[in-house]
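Each residue of the sequence shown is one higher than the one before, starting from 0 at the first, in numbering that gives the first Met the number 0. Glycine included, C-beta positions come from ideal geometry on N, C-alpha and C. Being a predicted model, the structure only gives us computed values, none of them experimental. Some notes on the structure that comes next.
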Amino acid sequence: MLNLVIGTQWGDEGKGKVVDFYSERADFVARFQGGANAGHTVVVGKKKYKFHQLPSGAVRGKKVVIGNGCVVDPEILLEEISKLRREGISFELFISDRAHLILPYHKIQDKLEESLKGKVKAGTTMRGIGPCYQDKIGRFGVRFCDLVDEEVLREKLEILVPLKQRILSALGEEILLDLDEIFESYNEYGKVLRGHITDTSLLINKALDEGKKVLLEGAQGTHLDIDHGIYPFNTSSSTTAGGACIGVGVSPKRVSEIVGVLKAYTTRVGEGPMPTELSNELGDYLREKGGEYGTTTGRPRRCGWLDMVLLRYSERINRFTGLAITKLDVLSGLKKLKVCVSYSYKGKEMRDFPAGMKILSECEAVYKEFKGFKDFKAGKYDDLPREAKIYLRFISEELKVPIYLVSI
Ligand code: IMP
Numbered sequence: 000m001l002n003l004v005i006g007t008q009w010g011d012e013g014k015g016k017v018v019d020f021y022s023e024r025a026d027f028v029a030r031f032q033g034g035a036n037a038g039h040t041v042v043v044g045k046k047k048y049k050f051h052q053l054p055s056g057a058v059r060g061k062k063v064v065i066g067n068g069c070v071v072d073p074e075i076l077l078e079e080i081s082k083l084r085r086e087g088i089s090f091e092l093f094i095s096d097r098a099h100l101i102l103p104y105h106k107i108q109d110k111l112e113e114s115l116k117g118k119v120k121a122g123t124t125m126r127g128i129g130p131c132y133q134d135k136i137g138r139f140g141v142r143f144c145d146l147v148d149e150e151v152l153r154e155k156l157e158i159l160v161p162l163k164q165r166i167l168s169a170l171g172e173e174i175l176l177d178l179d180e181i182f183e184s185y186n187e188y189g190k191v192l193r194g195h196i197t198d199t200s201l202l203i204n205k206a207l208d209e210g211k212k213v214l215l216e217g218a219q220g221t222h223l224d225i226d227h228g229i230y231p232f233n234t235s236s237s238t239t240a241g242g243a244c245i246g247v248g249v250s251p252k253r254v255s256e257i258v259g260v261l262k263a264y265t266t267r268v269g270e271g272p273m274p275t276e277l278s279n280e281l282g283d284y285l286r287e288k289g290g291e292y293g294t295t296t297g298r299p300r301r302c303g304w305l306d307m308v309l310l311r312y313s314e315r316i317n318r319f320t321g322l323a324i325t326k327l328d329v330l331s332g333l334k335k336l337k338v339c340v341s342y343s344y345k346g347k348e349m350r351d352f353p354a355g356m357k358i359l360s361e362c363e364a365v366y367k368e369f370k371g372f373k374d375f376k377a378g379k380y381d382d383l384p385r386e387a388k389i390y391l392r393f394i395s396e397e398l399k400v401p402i403y404l405v406s407i
């Protein structure tokens with residue numbers, strides 16, 4: 000059985016917790032895109048685990064997979080592995096031999112490009128994600144299958160390092176890349192990680208053939224997708240259900256469930272227009288109550304009301320079989336709640352999310368108001384305050400998707 004967990008908004012929806020919940024029943028938990036730009040937080044008892052590179056399923060000691068669609072910073076990966084081992088958590092790790100490696104020059108390039116992009120900078124996590132995916136598409140990336148062969152690795156770096164040096168110099172960077180140093184450190188990573196590198200598509204397909212349960216864990220969210228996100232303020236990978244199949248090498252025919260993780264309000268970290276942003280005390284209130292600070296960069300997240308225009312687009316692209324609605328309790332105690340049902344653009348109603356950023360920045364949110372609800376405790380759905388159920392039902396009916404779970 001193959002199930003997907005996908006972010007419906009701009010990332011930070013609480014996927015780590017939802018994945019942790021579902022992974023209890025899974026044999027394999029796999030990531031299919033992104034790299035150390037992700038920040039998944041899983042709290043077990045009093046312990047808080049933050050992941051950037053490893054799938055969240057590692058906490059439960061599952062077989063975890065880093066799929067071919069991922070870009071991997073081996074230094075961060077090794078740090079996370081040893082941190083968990085020190086905590087006494089053991090898990091089996093499989094890394095796709097087709098996954099791409101983040102190299103030191105990617106991180107330098109990320110910073111340089113951001114500093115030169117002016118108004119079109121995305122506000123990246125500076126983890127080298129964009130430049131690594133650029134190299135993948137440009138067909139001069141380094142993959143894990145290269146890492147395990149000293150000769151191939153050296154040969155590739157001998158071509159790539161001078162090429163990258165020219166690019167960095169042209170961008171105004173004066174640091175000299177040291178070919179030997181890069182080769183030696185990456186060759187060493189290769190030796191340490193060798194036993195984990197394999198054809199993970201084969202592994203996952205075989206597991207599915209044997210009736211095992213595989214959970215694919217999305218990072219970021221639909222509106223950060225390279226094709227469907229708010230270009231150019233999005234990330235560089237495919238964060239959607241379609242991207243999940245490509246990112247681990249499985250057929251879409253194998254997918255059973257597509258769970259969309261939806262935060263009860265909207266947050267965004269990084270640049271770009273956000274029609275429901277609350278740049279006022281209410282926005283600050285949501286940020287503080289919801290702990291809305293980036294797991295990777297610590298940046299304060301921009302907060303706002305729920306946006307159904309954004310979510311309808313997500314639903315169209317992913318076709319969720321169910322929703323996991325998170326952080327509902329953050330909204331409790333407010334007298335009134337608002338949900339954006341459409342945009343007003345030049346006096347006309349707009350129900351579908353536009354492609355152009357100029358248009359989006361001129362869109363005004365049109366709201367439907369809801370009565371607020373009182374504080375409540377974790378328990379059964381039936382015990383939720385009536386007004387909270389009305390709020391949830393509205394989301395579910397608007398998207399025509401059932402709610403699988405509500406998280407607080
Ligand atoms: P990059 O992925 O580091 O290149 O960043 C590109 C854009 O995606 C920036 O606006 C980031 O703030 C955003 N982004 C990347 N990863 C995450 C995430 O895990 N949560 C929320 N935003 C993210």
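- 8 angstroms or more divides the Cβ of V308 from the Cβ of N67.
- When secondary structure is reduced to three states using DSSP, H195 falls in the helix class.
- When secondary structure is reduced to three states using DSSP, L333 falls in the coil class, being assigned neither helix nor strand.
- Assigned with DSSP and collapsed to three states, D328 falls in helix.
- In terms of CA proximity to N186, R142 leads the group R142, D224, Q219, G87.
- Within the same chain, and ignoring the five residues on either side of G10 in sequence, the residues whose Cβ sits closer than 6 angstroms to its Cβ are Q219, G220, L223.
- Nearest Cα to L330 within the set L322, S360, L383: L383.
- C-alpha of E276 to C-alpha of A364: approximately 9 angstroms in a straight line.
- Contact annotation: N2 and E256 have beta-carbon atoms nearer than 8 angstroms.
- In terms of CA proximity to E183, E150 leads the group L175, P161, E150, H195.
- The ligand IMP never approaches I225 closely enough for any of its heavy atoms to be under 7 angstroms from the residue's Cβ.
- Fewer than three Cβ pairs drawn from the segment 293 to 307 and the segment 373 to 382 lie within less than 8 angstroms of each other, which leaves the two stretches out of contact.
- In the DSSP annotation of this structure, A37 is not part of any alpha helix (DSSP H), being labelled neither H nor E.
- For C144, the uninterrupted alpha helix (DSSP H) segment begins and ends at 143 to 146.
- DSSP places Y342 in the strand class (E or B) of the three-state scheme.
- Listed in chain order, the non-local C-beta contacts of V17 below 6 angstroms within the same chain comprise V4, V260, A323, local neighbours out to five positions each way being set aside.
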